[in-house]
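Have a look at the structure below before the remarks.
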Amino acid sequence: MPDHLPTVFAMLGPGGRRFADPQSWTRLEVEIGTELPSDYKEFIDEYAPIRVNSHLSFDHPATERWNLLDEIRQTEQAFRDADWDGLPHPDTGAEGVLIPALSTDIGFKVFLSRSPRTPGWSVVVHDRDEGGYWEHAMSFAEWLHRHLIGEEVIHPNGTYFYPGPVKLKHLPMSPGERTVPWHGPERGM
Numbered sequence: 001m002p003d004h005l006p007t008v009f010a011m012l013g014p015g016g017r018r019f020a021d022p023q024s025w026t027r028l029e030v031e032i033g034t035e036l037p038s039d040y041k042e043f044i045d046e047y048a049p050i051r052v053n054s055h056l057s058f059d060h061p062a063t064e065r066w067n068l069l070d071e072i073r074q075t076e077q078a079f080r081d082a083d084w085d086g087l088p089h090p091d092t093g094a095e096g097v098l099i100p101a102l103s104t105d106i107g108f109k110v111f112l113s114r115s116p117r118t119p120g121w122s123v124v125v126h127d128r129d130e131g132g133y134w135e136h137a138m139s140f141a142e143w144l145h146r147h148l149i150g151e152e153v154i155h156p157n158g159t160y161f162y163p164g165p166v167k168l169k170h171l172p173m174s175p176g177e178r179t180v181p182w183h184g185p186e187r188g189m
């Protein structure tokens, strides 16, 4: 099976590893009750907190603002409190069932999942507006790579392809901070 993480890193260019902190991952994983996949943690340590192509937002466990553990807790609470009114929805929970991984500005939440239906981790995308969800039996890095090249891995019949270099923007770490967007290297797309 190919390792998609180096390909993703090549598409994005260097991220700086601004907040890489193994202890923050240990605290998060103890709290949620499972060890997260290494490709996800490597990506987050290299780039997060960041917005990719203006709509994928990634938090980091070592930051006070845009904190991944806080986002996981808030998302799980929102799922518990929601009135699903019969709409299909995935179950969240601490035993590694469904772990919030990133959010979008287009109404989707992306989770990491350990499912008995797939070996290892998979990616589950939930549409908060329509209540549907889709499981992708692939690693986080493969899912992100496929998304960046325009494959339909957000929802069926929906792709969000941005030609040219990937647009990146660090999320502001304080209320008044202005961040400067940049682009990854030319992808030939």
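So the sequence shown is numbered by UniProt numbering: it starts at 1 and just counts up by one.
Where a beta carbon is used, it is the ideal one built from N, C-alpha and C, also for glycine.
- Collapsing the DSSP output to three states places E135 in a strand.
- The criterion of a C-beta distance shorter than 8 Å is satisfied by A101 and F111.
- In this structure, W66 sits away from K41, with a CB-CB distance that is not shorter than 8 Å.
- Residue environment for F58: buried (at least 16 other C-beta atoms within 10 angstroms of its C-beta).
- As computed with DSSP, P100 is found in a beta bridge with F111.
- Scanning its chain for C-beta atoms nearer than 8 Å, with the 5 sequence neighbours on each side dropped, one finds around D127 the residues G107, F108, Y133 and H155, in chain order.
- The Cβ atoms of F43 and V97 lie no closer than 8 Å to each other.
- With respect to the 8 Å criterion, R17 and E64 are not classified as neighbours on the basis of their beta carbons.
- Counting C-beta atoms within 10 angstroms of its own C-beta, V153 has 16 or more neighbours from the protein chains shown and is therefore classed as buried.
- Put simply, the backbone Cα of W182 is about 20 Å away from that of A20.
- Here F79 is buried, its C-beta having at least 16 other C-beta atoms within 10 Å.
- Judged by DSSP in its simplified three-state form, S24 adopts helix.
- The beta carbon of E35 is closer than 6 Å to those of E29 in its chain, skipping five residues each way along the sequence.
- Look at S54 here: in three-state DSSP terms it is coil, with no helix or strand label.
- Between A141 and S122, the gap from beta carbon to beta carbon reaches 8 Å or more.
- Restricting attention to alpha helix (DSSP H) runs no shorter than 4 residues, the segment 139 to 177 encloses them at 140 to 148, ordered along the chain.
- Secondary structure at D127: strand, using DSSP grouped into helix, strand and coil.
- Closest option to I72, judged by alpha-carbon separation, among N157, E31 and P49: E31.
- In chain order, P172 place their CB closer than 8 Å to the CB of R178, counting only its own chain and leaving out the 5 sequence neighbours on each side.
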